[in-house]
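Below is one structure; the comments refer to it alone.
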Amino acid sequence: MKVETSMFGTIDVRDDQEIKFVQPIIGFPELLRYVLVDTGGSIKWLQSIRDATLAFPVVDPFSVKPDYDIEIPTSDAEMLGVKNVEEVQLWCITVLSKSKEEVRANLKAPIVLNRATGEAKQVVLPDSDLPIRYRFLPKAKQRNKEVADYAGANP
Amino acid sequence: MLVLTRRKGESIILGDDVEVKILELHGSQVKVGIQAPQSLSVHRKEVYLAIQRENKAAAESARKASEEQNERGAQVEHRVEDEQTLH
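Protein chains in written order, with my numbering: chain S, 31 to 185; chain W, 5 to 91.
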C-alpha cells in the first residue's frame with residue numbers, strides 16, 4: 031500500500047508492516063493505523079497511515095534508560111494478546127527540540143507492540159513513578175550528520 | 005453535573021457495566037474501586053492530561069523538525085521497519 035507522508039514522501043507499506051492500535055494514542059482519536067519508519071538514528075518515527083502530517087518520534091526506552099523496568103498490566107497484555115515477553119517491543123513517544131536539554135521521552139506511557147500480531151497500545155502504567163518527561167541526550171546519526179542537527183531528529 | 009452522596013462500601017453504576025465503589029475514606033482522601041470492561045480505559049485525570057499534552061508536543065516537534073528539514077531541501081533516508089517479524 032502507498033502511504034502519503036509529509037516527512038518521508040510516499041512510502042510503500044506491506045500489510046505485515048502495519049501497526050494496528052487497539053485504542054487510539056491518547057489525544058489522537060480515531061487514528062489506529064501506523065507504520066514505523068527508520069531513518070537510521072536512535073529515534074524512529076511512528077507515522078500515521080491516515081494523517082500524512084502526523085508522525086511521533088519514538089525511542090526504545092532501554093536505549094535511553096538501560097535499567098528501564100516495567101510491569102505491563104494484565105488487562106493490557108490480554109487486550110494485546112501478549113503470550114510471551116519476547117513478542118513485546120516497547121517504544122516511548124519523544125519530544126524533539128533544538129535545545130538538547132529539552133529532548134525527552136515519556137517512560138510512564140510506553141507504546142506496547144505485540145510483534146506477533148502487529149497490535150499496539152499506549153499503555154499507562156498506573157502505579158509507576160516513571161517520568162512522563164524523561165530527559166535524555168539523543169545520539170546523532172553519524173552519516174548524514176549535517177541534517178542531524180535538529181537534536182534527536184536524525185533525518 | 006450529577007452529584008450523589010455515597011457511604012463507604014456503596015457503589016455507583018455507570019451504564020450497564022461500569023461500577024465505581026467507595027472503598028475507604030481517610031480525611032480528604034477517598035479510595036475508589038472501578039470495575040469496567042477492558043475496552044474502557046481508566047486514568048487519573050491529571051496523568052491523562054499530562055500524557056495527552058506530551059503526545060501533542062511530540063507530534064508538533066516532529067512537524068517542526070520536518071519543516072526545517074524541508075526548508076534545507078534535505079532528503080530523508082528512510083526505510084519502513086519490519087516491526088512484526090514474528091508475523
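Here a beta-carbon is modelled for each residue, glycine too, at the ideal position from N, C-alpha and C.
Asked	Found
Rounded separation between S:P91 and W:R10 - CA only	42 angstroms
Where the region 34-53 of chain W meets chain S: residues whose CB sits under 8 angstroms from a CB there	Q42, S43, S45, H47, R48, V51 and Y52
Under 9 angstroms by beta carbon: chain S residues contacting W:K12	Near W:K12 there are no residues of chain S at all, since even the closest Cβ is about 22 angstroms away, more than 9 angstroms.
Counterpart residues of S:E149 in DSSP-defined beta bridges	S:K50 and S:N144
Segments assigned alpha helix (DSSP H), at least 4 residues, entirely inside the region 21-61 of chain W	none
Which residues DSSP lists as bridging S:E34, in chain order	S:T40
Reference W:V36; option with closest CA among W:Q56, W:E14 and W:L8	W:E14
Closer than 9 angstroms at the beta carbon, the chain S residues around W:K60	G57 and F58
Stretch pair the region 32-41 of chain S + the region 132-150 of chain S: three plus CB contacts closer than 8 angstroms	no
Closest residue to S:L143 among S:K95, S:D68 and S:E116 (Cα-Cα distance)	S:E116
DSSP state of S:S158 mapped onto helix, strand, coil	coil
S:A85, enclosing alpha helix (DSSP H) - first and last residue	Segment A85 to V89 is the beta strand (DSSP E) holding S:A85; no alpha helix (DSSP H) there.
Spatial neighbours of S:Y7 in its chain, beta-carbon cut-off 7 angstroms, leaving aside the 5 residues before and after	With chain S covering only 31 through 185, there is no way to say anything about residue 7 of chain S.
Touch test, the region 100-112 of chain S against the region 62-80 of chain S, Cβ-Cβ under 8 angstroms, three pairs minimum	no
For W:A54 and S:G71, the rounded distance between their alpha carbons	27 angstroms
Proximity test, Cβ basis, 8 angstroms: W:H30 and chain S	no
Cβ-Cβ separation, S:F58 to W:L62 (assumed contact under 8 angstroms), whole Å	What sits at residue 62 of chain W in the sequence shown is Ala, not Leu. The pair is not a contact, with the Cβ atoms about 10 angstroms apart (cut-off 8 angstroms).
S:A135 (DSSP reduced to helix, strand or coil)	strand
Minimum C-alpha distance to S:R163 - residue among S:D42, S:L155, S:K128 and S:I123	S:I123
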